[in-house]
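>
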Amino acid sequence: MHDAFITKPTPYYRRPPNFTTPPMPTTDDIAHLQAFLTKWELSGAAERANAQAFLLELCEVLDVPKPDPATPDQAA
596 MHDAFITKPT PYYRRPPNFT TPPMPTTDDI AHLQAFLTKW ELSGAAERAN
646 AQAFLLELCE VLDVPKPDPA TPDQAA
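Residue numbers (our numbering): 596 to 671.
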């Protein structure tokens, strides 16, 4: 068999990106995001005091899973 007939895999840096375009936000999505931004723009407390609540709500707005709780072996 000739080497000319053997195809080599395309190097990773020459492959097209493997992703899909996310769906366009709906009117409800935009309203939810605007309400989130308004709420946190008006927050006057220290950033550290609000960090956990902010991140949990941000996960909801972005529709991504919330962080898992830390376990004893992660505390180190």
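Where a beta carbon is used, it is the ideal one built from N, C-alpha and C, also for glycine.
Predicted model, so just to flag it, every value in this text is computed and none were measured.
So does the stretch 651-661 actually touch the stretch 620-634, counting three or more Cβ pairs closer than 8 Å?
Taking 8 Å as the limit for Cβ pairs, the verdict is that the stretch 620-634 does touch the stretch 651-661.
> Could you tell me the distance, in whole angstroms, from the CA atom of T666 to the CA atom of N645?
Here residue 666 refers to the residue found at position 71 of the sequence shown. Here residue 645 refers to the residue found at position 50 of the sequence shown. Going from the Cα of T666 to the Cα of N645 covers about 22 Å.
> Please check the pair W635 and F649, which I expect to be a contact at CB under 8 Å, by giving their CB distance rounded to whole angstroms.
Taking the first residue of the sequence shown as 1, we reach residue 635 at position 40. Taking the first residue of the sequence shown as 1, we reach residue 649 at position 54. That pair is a contact at about 6 Å.
> Rounding to the nearest angstrom, what Cα-Cα distance links V659 and P606 in this structure?
The sequence position of residue 659 within the sequence shown is 64, counting from 1. The sequence position of residue 606 within the sequence shown is 11, counting from 1. Rounded to the nearest angstrom, the two C-alpha atoms are 32 Å apart.
> Three-state secondary structure (DSSP) at I601?
Numbered from its first residue, the sequence shown carries residue 601 at position 6. Of the three classes helix, strand and coil, the one that applies to I601 here is coil, per DSSP.
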